[in-house]
Each structure stands twice: as C-alpha cells, then as structure tokens.
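Asks: I have a structure here, written as structure tokens, and I will follow up with some questions on it.
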Amino acid sequence: MFNKLKQRWRVNELQLLLIISTFALGGSLCGYLGKKILSFTDLEKGILWVGIYIILVSLLWPICVLLISIPFGQFNFFKNYLVKIGQRITGKNHPATRIAIFASGAGSNAHKIIETFKSSSSVKIALIVCNKKGAGVLSIAAKEKIPTLLIEKKRFYEGDAYLQELSRHQIDFIVLAGFLWQVPLALISQYPNNIINIHPALLPKYGGKGMYGAKVHEAVIAANEKESGITIHYVDEIYDHGNIIFQGTCRVDENDTPEILAQKIHILEHRHYPEVIARLLQIPK
Ligand code: GAR
Numbered sequence: 164m165f166n167k168l169k170q171r172w173r174v175n176e177l178q179l180l181l182i183i184s185t186f187a188l189g190g191s192l193c194g195y196l197g198k199k200i201l202s203f204t205d206l207e208k209g210i211l212w213v214g215i216y217i218i219l220v221s222l223l224w225p226i227c228v229l230l231i232s233i234p235f236g237q238f239n240f241f242k243n244y245l246v247k248i249g250q251r252i253t254g255k256n257h258p259a260t261r262i263a264i265f266a267s268g269a270g271s272n273a274h275k276i277i278e279t280f281k282s283s284s285s286v287k288i289a290l291i292v293c294n295k296k297g298a299g300v301l302s303i304a305a306k307e308k309i310p311t312l313l314i315e316k317k318r319f320y321e322g323d324a325y326l327q328e329l330s331r332h333q334i335d336f337i338v339l340a341g342f343l344w345q346v347p348l349a350l351i352s353q354y355p356n357n358i359i360n361i362h363p364a365l366l367p368k369y370g371g372k373g374m375y376g377a378k379v380h381e382a383v384i385a386a387n388e389k390e391s392g393i394t395i396h397y398v399d400e401i402y403d404h405g406n407i408i409f410q411g412t413c414r415v416d417e418n419d420t421p422e423i424l425a426q427k428i429h430i431l432e433h434r435h436y437p438e439v440i441a442r443l444l445q446i447p448k
C-alpha cells in the first residue's frame, strides 16, 4: 500500500512519512478545534451537534493540514492536494498534464514541444531539466519563462534523483529530448510508463551507451545503410531499450554527410515527437 502511495504521489519514503504524519496531526487538530468551538455554544450533544461538528471539521481540516504541513516541509504538496480536491468537488476541468523535458544540448526538440503545447490547456511544459551549464535548451527555457533545474551526477545517481524537485513542480510525465545521461532506476520506478525518449536511429540498431547525435549518423553512413530514422520509446533501466512507441524513416542518400543526415532526422523528430506526446496523453494539440 505504501509503495502505491509513493508512486501515486511521486514521493520518497521520508516525504511519505511526513505527509502521513501531517494527515494524522492535521486531522486530530481539526477534531480538537471543532469540539472546542462547539463547547462555547450551548448546543446539546445530539443530532444537530453532530451535523454542525461535521461541517465545522470539514471547514477546519484544510486549514489545519496546511498549518501542520509548514513545519513538516510539505506545504507545497498539501497546497496542490487541496487544489486538486477543490477541482474535483467543483467539477472544474481536469488539471493540465505537467511535463518535464530533460535535455542536454541545443534543445531544438524541446523548443518544438514547447511551441506545440504553448496554448494547450491540457498540457503544461512545467520544467526543463538539464545537466549541462550553458546548454542551448536553457536559453530557450529562459525565453519561454519555463523554470529550469540544473542537475549534477552525484545526486542524480546516488541521491534521490531530484524526485523532490519533480514532485514540487507536480511533474506527471517526463520527455527526454536529447538527454544523454542514463535515467536512474529511482526515477523510472516513480514514473512507470511515464518517461519517453527519442533516439535518432531505428532501434535496436545504433543505440546504447555512447550512441548519440553525430556518432549515430556517422555509424549509419559507415555501415552503408540505405535507410535511417527516429525511434520514440518508453524508458527502462537499459539504455535505448524500452518498448517502442513510434518509428519514422528517411532515406540515406549516397552523398549524405552526418550533418545532412542529422538535418533529415531533425525534421522527422520535430514533426513526430510532439504528435506522439499528444497521442500518448490523449490530448488534442
Ligand atoms: C536529437 O537528435 C535526439 O534524437 C538525440 O539528440 C538530439 C538532440 O537534439 N538524442 C540522442 O542521441 C539520445 N541517444 P536537440 O537538442 O536539437 O533536440
């Protein structure tokens, strides 16, 4: 049950403990305050008392959990939790799916995805995660006023894989767009089937560690392939390996250089990656 909650709320063990403690203490506090307030009235303990007590407790509960969540460092979680409950009660639109784009380079795919969903009410590009200072994708994020997170190897692989930040930004779905680090298991297990990657070749060929960008195109040309393309796939614990969602192809002509092939591949990527994301999330663009 605890594992299910961890996955559902996308939190680690410590955060889960703090959240459960906040629920328990917030619940007790509002129960206590409800009784205290009613003790100042001359209502007899009966059906009316119970009715008013229930209404009072329902009103006090959000305030109490929010208050208790502050010293527990879980204010953002409970603020978002209450907003979601409010949206359910009032029948307001389903909240937008919040995407984090992980990218290490120029960010042309990230840019295309941002552009595509800019005016969507169903998808929000909520965070750009990058492992390289000065990467082009960071300037794109700054221009588009999208928050960024610069990550470092040690915490990504040996720490909490930045789950706290992802949870603070309420990330539902992760899109790798030219992200060259392997995704740690800690992250994969918190986002089962919710992390996808794009690879600039027709997997399973020309994939794996060290196979990225120009290196892929050089290998394709060196092998005299007549066709190359793109693969969009779910991310699992093995490099360039998860279930394939989509493949698109292009011709490799005799005189193609790695740069020319890269251009053809980029055209395919820009056309199909946003489309596939929209399809997976069942969202009209
Ligand atoms: C893209 O072609 C993507 O397929 C590739 O990096 C490029 C990033 O370009 N990814 C890999 O090679 C992953 N193995 P961009 O920064 O312009 O989007």
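Heads up: the sequence shown runs through residues 164 to 448, numbered per our numbering.
Every residue gets a Cβ at the ideal spot worked out from N, C-alpha and C, and that includes glycine.
1. Kindly confirm or deny that the stretch 269-281 and the stretch 238-245 touch, where touching means at least three C-beta pairs closer than 8 Å.
2. Under a Cβ-count criterion, where at least 16 other Cβ atoms within 10 Å of its own Cβ denotes burial, should residue 406 be classed as buried or exposed?
3. Taking the Cβ atom as the reference point for each residue, do residue 231 and residue 185 lie within a distance shorter than 8 Å?
4. By alpha-carbon positions, which one of 290, 378, 359 and 274 ends up nearest to residue 303?
5. With a Cβ-Cβ cutoff of 8 Å, do residue 346 and residue 384 count as a contact?
6. Are the beta-carbon atoms of residue 300 and residue 291 separated by less than 8 Å?
7. Given this structure, state the Cα-to-Cα distance separating residue 182 from residue 253, to the nearest angstrom.
8. Where do the N-terminal and C-terminal ends of the beta strand (DSSP E) with residue 452 fall, by residue?
9. Am I right that residue 432 and residue 361 are in contact with their C-beta atoms under 8 Å? What's the rounded C-beta distance?
10. Could you tell me which residues DSSP puts in a beta bridge with residue 395?
11. Between which two residues does the alpha helix (DSSP H) containing residue 222 stretch?
12. Below 8 Å on the Cβ atoms is my guess for residue 390 versus residue 412; work out the distance and round it to an integer in Å.
13. Can you give the beta carbon distance from residue 265 to residue 339, rounded, assuming they're within the 8 Å contact cut?
14. Return yes when at least one heavy atom of the ligand GAR lies under 7 Å from the C-beta of residue 272, else no.
15. Return helix, strand or coil for residue 173, following the three-state DSSP convention.
16. When the Cα of residue 324 is compared with those of 258, 423, 354 and 366, which residue comes out closest?
17. What does residue 246 pair with, by DSSP beta-bridge criteria?
18. Just the Cα atoms here: how many angstroms apart are residue 330 and residue 358?
19. Alpha carbon to alpha carbon, how far is residue 404 from residue 248?
20. Assuming contact is defined by CB atoms lying nearer than 8 Å, are residue 223 and residue 197 in contact in what I supplied?
21. Please classify residue 195: is it buried, with 16 or more other beta-carbons within 10 angstroms of its beta-carbon, or exposed?
22. For residue 196, list the residues DSSP reports as bridge partners.
Replies: A quick look at the data gives this:
1. no
2. Here residue 406 refers to the residue found at position 243 when the sequence shown is read from its first residue. With fewer than 16 other Cβ atoms within 10 Å, it is exposed.
3. Here residue 231 refers to the residue found at position 68 of the sequence shown. Here residue 185 refers to the residue found at position 22 of the sequence shown. Cβ atoms of residue 231 and residue 185: closer than 8 Å.
4. As a first step, residue 303 must be located in the sequence shown, where it is residue number 140. Taking only the C-alpha atoms, the option nearest residue 303 is 274.
5. As a first step, residue 346 is located in the sequence shown; it is residue number 183 there, counting from the start. As a first step, residue 384 is located in the sequence shown; it is residue number 221 there, counting from the start. Not in contact: residue 346 and residue 384 (Cβ atoms no closer than 8 Å).
6. Taking the first residue of the sequence shown as 1, we reach residue 300 at position 137. Taking the first residue of the sequence shown as 1, we reach residue 291 at position 128. Contact flag set, yes.
7. Translated into positions along the sequence shown, residue 182 becomes position 19. Translated into positions along the sequence shown, residue 253 becomes position 90. Straight-line Cα distance between these residues: approximately 25 Å.
8. The requested residue 452 is not part of the displayed model; the chain covers only 164 to 448.
9. Numbered from 1 along the sequence shown, position 269 holds the residue referred to as residue 432. Numbered from 1 along the sequence shown, position 198 holds the residue referred to as residue 361. Indeed, because the Cβ distance is near 6 Å, the residues count as touching under 8 Å.
10. In the sequence shown, counting from the first residue as 1, residue 395 sits at position 232. In DSSP, residue 395 forms a bridge with 361 and 409.
11. As a first step, residue 222 is located in the sequence shown; it is residue number 59 there, counting from the start. Its alpha helix (DSSP H) spans residues 210-232.
12. Here residue 390 corresponds to residue number 227 of the sequence shown, with the count starting at 1. Here residue 412 corresponds to residue number 249 of the sequence shown, with the count starting at 1. That pair is a contact at about 5 Å.
13. As a working mapping, residue 265 is identified with position 102 in the sequence shown. As a working mapping, residue 339 is identified with position 176 in the sequence shown. 5 Å between Cβ atoms; contact.
14. Numbered from 1 along the sequence shown, position 109 holds the residue referred to as residue 272. Yes, the beta carbon of residue 272 sits closer than 7 Å to at least one heavy atom of the ligand GAR.
15. Sequence index remark: in the sequence shown, residue 173 carries index 10 (1-based). In the structure shown, residue 173 sits in coil (DSSP, three-state: anything other than H, G, I, E or B).
16. Taking the first residue of the sequence shown as position 1, residue 324 is located at position 161. Considering only alpha carbons, the answer is 354.
17. Your numbering for residue 246 matches position 83 in the sequence shown. Per DSSP, none; premise fails for residue 246.
18. Against the sequence shown, residue 330 aligns to sequence position 167. Against the sequence shown, residue 358 aligns to sequence position 195. Approximately 15 Å between the Cα atoms of the pair.
19. For this step, residue 404 is matched to residue 241 along the sequence shown. For this step, residue 248 is matched to residue 85 along the sequence shown. Straight-line Cα distance between these residues: approximately 38 Å.
20. For the purposes of this step, residue 223 is identified with residue 60 of the sequence shown, where counting begins at 1. For the purposes of this step, residue 197 is identified with residue 34 of the sequence shown, where counting begins at 1. A contact, by the Cβ cut-off of 8 Å.
21. One-based indexing of the sequence shown puts residue 195 at position 32. Counting Cβ neighbours within 10 Å, residue 195 comes out exposed, since fewer than 16 surround it.
22. Position 33 of the sequence shown, counted from the start, is the residue given in the question as residue 196. Answer by DSSP bridge pairing: none, since residue 196 is not bridged.
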